[in-house]
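Under my numbering, read the sequence shown as residues 808 to 1050, first letter to last.
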Amino acid sequence: MRCAILGDIHANLQALEAVLADAREYGCGEFYTLGDVVGYNAHPAECLETVRALPGACILGNHDQAAADERPLRDFSPEATASIEWTRRQLNPEQKSWLASLRVQRQIRRITLVHATLDSPLSWGYIRTADDAAMSLACQSTPVCFIGHTHVPKAFAKGSGEILLFGNEGEGVQLPMDRKFLINAGSVGQPRDGDPRAAYMIYDEESSGLWLRRVEYDIGAAAAAVRAAGLPEKLAERLHTGS
Ligand code: ZN
């Protein structure tokens, strides 16, 4: 079974639809969503309904958690705060309770999914360095764990720190199953690695093959929707730069 690993969709419907079309073309039959379905961009309800109709699983992100209740927002940037307050007004109570029901981590066969870190998943810490990764890898019982949260595709191997998995674009890798890997699948809806194309990964469980896909989508339409919704201008601009 080939599965698509979708990180940080962030209410970007144009990016999500382009990624789903790409994943289906490559034969993906299951879809694992790494949290932050909503927040930042202009189509939270549409993205939520699309994601929950997919075969597979979805876990909780910090934006999902914040959008699902009415508590005062802490630890969010001014743009994130504005977008979460707006998102709360776009979702109906039933959609909010679906978000609130998402689990913070899941294990599916030999794959673990978590938005931030395995060592403290609800603290929403960021895995940026080999030391951050080592703390999460110490809690990892499956060969592969996929994470999101930083919006930057990256891979770590237990005992080796950060590793370069993908050299040339389009090339896949085969993960050796005698080691543990912690892999950030990048962001569908708000990439921050300088490449504005939507990012996601395809994982083939039988062969342990892994591909990082970058998909062109209508960034202009997504940015126009952010502006039309009255969301902060910075959220529209960053889609063009992938930052
Ligand atoms: Zn995010």
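Quick reminder that beta carbons are idealized off the backbone N, C-alpha and C, glycines included.
Just so we're clear, the structure is a prediction, and the values are computed from it rather than from any experiment.
For residue i, collect the residues of the same chain with a Cβ closer than 8 angstroms to its Cβ; drop the 5 residues on either side in sequence, then sort them by chain order.
i    : result
L906 : V844, V845, L855, L867, D871, Q872, A874, A875 and L898
Buried or exposed: residue i, going by 16 or more other Cβ atoms within 10 Å of its Cβ?
i     : result
Q912  : buried
H1047 : exposed
M808  : exposed
Y847  : buried
L972  : buried
P879  : exposed
G834  : exposed
R1045 : buried
My guess is that residue i and residue j are in contact by the Cβ rule of under 8 angstroms, so how many angstroms apart are they, rounded?
i     : j     : result
V995  : L861  : Contact doesn't hold; Cβ gap of about 13 angstroms is too wide.
H958  : P928  : That pair is no contact at about 18 angstroms.
L925  : C946  : 4 angstroms
C952  : L989  : 5 angstroms
V1022 : R1004 : 6 angstroms
Between which residues of its own chain and residue i is the CB-CB distance below 7 angstroms, once the five residues before and five after are set aside?
i    : result
I970 : A962, F963 and A964
T857 : L823
In its own chain, which residues sit with a C-beta less than 6 angstroms from the C-beta of residue i, not counting the 5 before and 5 after it?
i     : result
K1041 : E886
Q821  : Y1024, D1025, A1028 and A1029
N819  : N848, G996 and A1029
State the start and end residues of the unbroken beta strand (DSSP E) segment that holds residue i.
i    : result
L855 : Not the beta strand (DSSP E): L855 falls in the alpha helix (DSSP H), residues P851 to R859.
R878 : Note, R878: premise wrong, no beta strand (DSSP E); not H, not E.
Between the Cα of residue i and those of the options, spot the shortest distance and give me the residue it belongs to.
i     : options                     : result
L1083 : T857, M1008 and A849        : A query on residue 1083 cannot be resolved here, the shown segment of the chain reaching from 808 to 1050 and no further.
L1019 : G842, I934, L982 and G968   : L982
F883  : S1050, Y1007, G932 and T919 : G932
E832  : N819, A852 and A811         : A811
E901  : R859, A940 and G955         : R859
At what residues does the alpha helix (DSSP H) containing residue i begin and finish?
i    : result
D938 : A937 to L944
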